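First the structure, in the form of structure tokens, and then the observations on it.
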Amino acid sequence: MAASQMLWEPQNVEQTQMYAFKKHIERKYSVSLDDYAALHQWSIDNIPQFWEEVWEWTDRPVVASRKWDKVIDLTVPMQAIPAWFEGARLNWAENMLRPEFRTSNKIALIQVVEPEPSAPLSYTRMSYASLYSIVHSTSLALSAKGLKPGDILGYYGPTSLASVVFCLAATSLGAIWSSAASDFGSKGVLERFEQFGDNLFGIVCVDGVRYNGKRIDQRKKVNDVLEGLRKNRGERALPVILVDYLQEGLPEPSQEGWTSELTLRSEGEEMKRKSGAEMEFYQTSFDHPLWVLFSSGTTGKPKPIVHRSGGMLLQSKKEHMIHGDLSEKDVFFYYTTPGWMMYNYLVSGMQTGASVIVYDGSPLWKPELLWQMADELAVSVFGTVRLCSFVQSAKYIDVLSKGYSPNQHFKLAALRQVLSTGSPLKPESFVWVYQNIKKNILLGSITGGTDICSLFAGHNAMLPVYEGEIQSLGLGMAVESYSDDGKSLPRGEQGDLVCTKPFPCMPVYFWNDEGNARYQASYFDKFEGVWAHGDFCIITPSQKGNGGGLLMLGRSDGVLNPSGVRFGSSEIYEVMDTFPSSMISDALVVGQKTQGGADERVVLFVKVASGQALTDEMVKEIKLKIRSARSARHVPERIVEVTDVPYTVNGKKVEIPIKKLLTGAPLSSINFATLSNPECLEEYVQLGQRLRAEVA
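Take the sequence shown: its position 588, counted from the start at 1, is 588 in full-length UniProt numbering, and no numbers get skipped.
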């Protein structure tokens, strides 16, 4: 494959933590590592030693009351979910509120809430010392109410100061955190939280949120969730903690079991005053559950994925500090919601001592708001992800590229990195970022997922940025591309993204998964003894010692395979994105089985712009563009106009359920609660009947 254009190269490689880490490994282990590719190879050839070094790295070693007896037993098969750092005792929250931070006036959190239409942006700052004090009070009050290790505290609301406080307070006690975004419907939240049964201790919620210039009351949705939970609950009470998020002076809740956040905190303050003791952090094993994240669940109930405390701590330390060069000097922002793994990724940045921004609101209501915030708060690392029900980070950059240039309005002097995830970032969007945001920055496209709550590949402060590519595979992650028959493919060939060796952010288990049956089916059924992530990708040939970048081509189960030629849906979407929005506003591509399942044809659904219609001329133009940009095999056999394209509540296009509907599966096979616009599915049912008749 042709080499990509280099768009940026670091000027001070020797000042990066990645370079320092490489030199440290060379000195300690008496090895010569010529470049990043050699360091990556060392990290996957020496797994126990590598992760031990991450634990101890720099002046921020993991805070633990007891070190490990063994890092990992490599004789345990990967699919057996090996234990990590056996014997170690630690607490994740204690590592976010490190001893050296607890008396510091350094800003820990900055809350930014979408303003009223005529109001300016405002910022609420909280120092590390204040955060430590508030988390201490909150943890005492929660403990007094009965929250104990292994219980689950649910959160239903926006990205906010309160969300971080309760996350830290719960996990400081050894409890488990699980959060849902305020834009999730009540049914979707219920489908998640009801899986916990009586292990769900209680729920923290808010009175309302601001989004897209409007105030949205949340209390009706919260009550619907509570009503559903209590129907199938045993005798254990379900406490509810209400946050006066809109600052409208809510009265103390009158419902039984409800408490206001302020009352709870006041109770905790009194306990703290009487005891006079420092905060105690419950010491857990490395593999102790930290939080539960959920899969999208479009064709069934969302899978509750349980992540281990130490794995989340070490993996995020590696990604933030070693890969990303994040430190106490940084102001770190990632646009996300608590229903997405990037919320957990964002909060984990606190272990570096950076100032973390929590933002709630629409990114597209007034596009300048995020960049105004970045300018005024001297943001150094700016991340975009799940921006609204229909706009992900890469899509957000695409939207900006059609009419708004941040560098025409703001200096962004402190900005040194822009990170993007959620969907593949188009090559032309890479170029646009450097032209319209800032020239001298690292543009890091990153990829991982809810399943690992971290990254397989991503940004790397020591390496150049190439157009359209994720910079490098992550240290300690033995990522390869596999053919259908389970063979490792050479660089430049399309295949399934797999990880061939164990890593500490593998989920410890799925909740309520007897015998780990769903876990095994999710990751280890496709290739024996190898983690199959479900993504289709290309690992590119190595350039300037990067060991090869990564191109993401879509989900493996959505791979198109007409006449045996396999390619990812992103190859079609990249071409469709070149059409002006005044002509085509969205598209969805799937494969439809033909010849009794022996072959398939490519079907492209197109949503045209308002006031337009899909004409024969447009169909010809679409086919010509795809043929020219890709190949004749990529050209869809059928191009069909639709009124809407379905998305999950997490902002991802819904390909697999549509593929099922085309085969004749009933609507009841689709989980409507996971979709942001399920009303559009009926149209695909009707189209499926017509399309099946064509190939009958």
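Heads up, the beta-carbon is just placed ideally off N, CA and C, and yes, glycines get one too.
Values in this document were obtained by computation on a predicted structure and should not be read as measured data.
Exposure of residue i, with buried meaning 16 or more beta-carbon neighbours within 10 Å
i: Lys659; result: buried
i: Ile110; result: buried
i: Ala696; result: exposed
i: Val240; result: buried
i: Pro158; result: buried
i: Val381; result: buried
i: Ile72; result: buried
i: Tyr123; result: exposed
i: Ile25; result: buried
i: Ile216; result: exposed
i: Asp485; result: exposed
i: Asp34; result: exposed
i: Lys220; result: exposed
i: Gln595; result: exposed
i: His459; result: buried
i: Val479; result: buried
i: Thr421; result: buried
i: Pro99; result: exposed
i: Arg386; result: Here the model assigns Arg386 a pLDDT of 36, short of 50, so the residue's position is not dependable and the matter cannot be decided.
Any chain D beta carbon closer than 8 angstroms to residue i
i: Ile538; result: The chain labelled as chain D is not found in the depicted structure, where only one protein chain is given.
Where residue i falls: helix, strand or coil (DSSP)
i: Leu691; result: helix
i: Thr674; result: helix
i: Ala92; result: Looking at the sequence shown, residue 92 is not Ala but Trp. In this structure, Trp92 counts as helix in the three-state DSSP scheme.
i: Ser454; result: strand
i: Thr352; result: helix
i: Trp291; result: strand
i: Lys623; result: helix
i: Phe201; result: strand
i: Ser585; result: strand
i: Pro304; result: strand
i: Met6; result: strand
i: Cys680; result: helix
i: Leu560; result: strand
i: Asp513; result: coil
i: Gly591; result: strand
i: Arg491; result: coil
i: Arg210; result: strand
i: residue 697; result: Nothing can be reported for residue 697: it is not among the residues displayed for the chain, which extend from 1 to 696.
i: Asp330; result: coil
i: Leu419; result: strand
i: Phe382; result: strand
i: Val575; result: helix
Close beta carbons around residue i, own chain, < 6 angstroms, minus the five adjacent residues each side
i: Cys167; result: Trp177
i: Tyr19; result: Val13 and Met462
i: Trp8; result: Val465
i: Ser316; result: Ser348
i: Tyr434; result: Leu7
i: Phe672; result: Pro678
i: Arg518; result: Phe510
i: Leu560; result: Phe567, Gly591 and Val602
i: Ala175; result: Leu147, Asp151 and Leu153
Closer than 7 angstroms: residue i CB and nearest the ligand ADP heavy atom
i: Val243; result: By its list of ligands, the structure shown contains no ligand whatsoever, and the ligand ADP lies outside what it can speak to.
Residues of its chain near residue i, where Cβ-Cβ distance is below 7 angstroms and the 5 sequence neighbours each way are ignored
i: Gln612; result: Met583
i: Tyr523; result: Trp531 and Ala532
i: Ser362; result: Glu114, Tyr211, Asn212 and Cys388
i: His136; result: Lys272 and Met279
i: Gly547; result: Tyr36, Ala37, His40, Ser472 and Leu473
i: Thr103; result: Ala129
Cut-off 8 angstroms between Cβ atoms - residues of its own chain near residue i, not counting five sequence neighbours on either side
i: Leu173; result: Ser139, Leu142, Ser143, Leu147, Lys148, Pro149 and Tyr282
i: Val358; result: Leu109, Ile110, Gln111, Val112, Thr159, Ser160, Leu161, Ser163, Val164 and Leu346
i: Asn516; result: Ile81, Tyr509 and Phe510
i: Cys680; result: Val642, Thr643, Asp644, Val645 and Pro646
Cβ distance (whole Å) where residue i is taken to contact residue j below 8 angstroms
i: Pro502; j: Val306; result: That pair is no contact at about 17 angstroms.
i: Glu194; j: Asn232; result: 6 angstroms
i: Leu475; j: Leu90; result: About 21 angstroms; that fails the 8 angstroms criterion.
Counting only runs that start and end within the stretch 225 to 288, where is the alpha helix (DSSP H) found for 4 or more residues in a row?
-> 261 to 275
Scan the stretch 524 to 554 and note each continuous beta strand (DSSP E) run of 3 residues or more that stays entirely inside, going in chain order.
-> 531 to 539
Runs of alpha helix (DSSP H) wholly within the stretch 10 to 75 (minimum 4 residues, chain order) | 17 to 29, 36 to 45 and 47 to 56
Hey, which unbroken runs of the beta strand (DSSP E) at 3 residues or more fall wholly within the stretch 153 to 185?
-> 176 to 181
Any chance you could list the beta strand (DSSP E) runs of at least 3 consecutive residues sitting entirely within the stretch 431 to 485, in chain order?
-> 442 to 445, 447 to 449, 454 to 458 and 479 to 482
Ignoring anything shorter than 3 residues or poking outside the stretch 82 to 151, list the beta strand (DSSP E) runs there in chain order.
-> 107 to 113 and 123 to 127
Segments assigned alpha helix (DSSP H), at least 4 residues, entirely inside the stretch 596 to 661 = 616 to 629
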